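Just so you know, the numbering used here puts 122 at position 93 of the first sequence, and the rest follows in order with no gaps.
From the three backbone atoms N, C-alpha and C, an ideal C-beta is built for every residue, glycine too.
The structure displayed is predicted, hence computed values, not measured ones.
Okay, structure first, notes after.
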Amino acid sequence: MDQGFFTRVYEAVKQVPPGRVTSYGAVAAAVGAPGASRMVGWAMNKAFSYPGFVPAHRVVNRNGMLTGKHAFPNADTMQELLESEGVDVADDVVVNFNKVFWDDFNVFPE
DNA sequence: GCCCTGACGGGAT
DNA sequence: TATCCCGCCAGGG
C-alpha cells in the first residue's frame, strides 16, 4: 500500500522520541530509500501540511546542524523546540549530537 | 514532457 | 582531515 513516499517518511519521523534527534539519511534508509536524504528534507517541508504532528525539528543533517530551521514560522522555532525537549543546541547545531542521535526505527515490512 | 531545484550523503581528490 | 563533486527521487514551472 503505497500511501506515498512522503507519508512513509512522516511515519518514520513520528517514531523519533522527544529529546532525541535523527538524520535525514537514517530516515531515508528507514523508509527503504538510502541516499534519498534530499527527499526526506523535501517531505519535511510539507510535513506541516500533513495531518497530525510530525517532529520535523527532530530531524537534522548528519552534522547535527539545523539546516531546516527556515521551514518553521521563526528561524529560532526549531532550536527552541529541541531545547524544550532537552536537546542542547548551540549555533544552530545539536550539542552532543552523538548522544541524542536516535536511529532505532521500526523498519517497515514493505 | 523536459529542465531545475531541493531541510543531504558519501566517495573521491 | 577538509573540500568538492556527483548521485538519490520527487515536485514544480
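| Check | Outcome |
| --- | --- |
| DSSP state of Phe35 mapped onto helix, strand, coil | helix |
| Best match in Gln44, Phe101 and Gly70 for proximity to Trp131 [C-alpha to C-alpha] | Gln44 |
| Tyr53 versus Arg91: straight-line alpha-carbon distance, rounded | 7 angstroms |
| Proximal residues to Asn74 (C-beta, below 6 angstroms), its chain only, five neighbours per side dropped | Ala100 |
| For Val89, three-class secondary structure by DSSP | strand |
| The segment 108 to 127 contacting the segment 49 to 64, beta-carbon criterion three pairs below 8 angstroms | yes |
| Three-state class that DSSP yields for Ala104 in the structure shown | coil |
| Simplified DSSP state of Val129, which is helix, strand or coil | helix |
| CB of Phe35 within 8 angstroms of CB of Ala72, strictly | yes |
| Rounded straight-line distance, which links the Cα of Lys98 to that of Phe134 | 23 angstroms |
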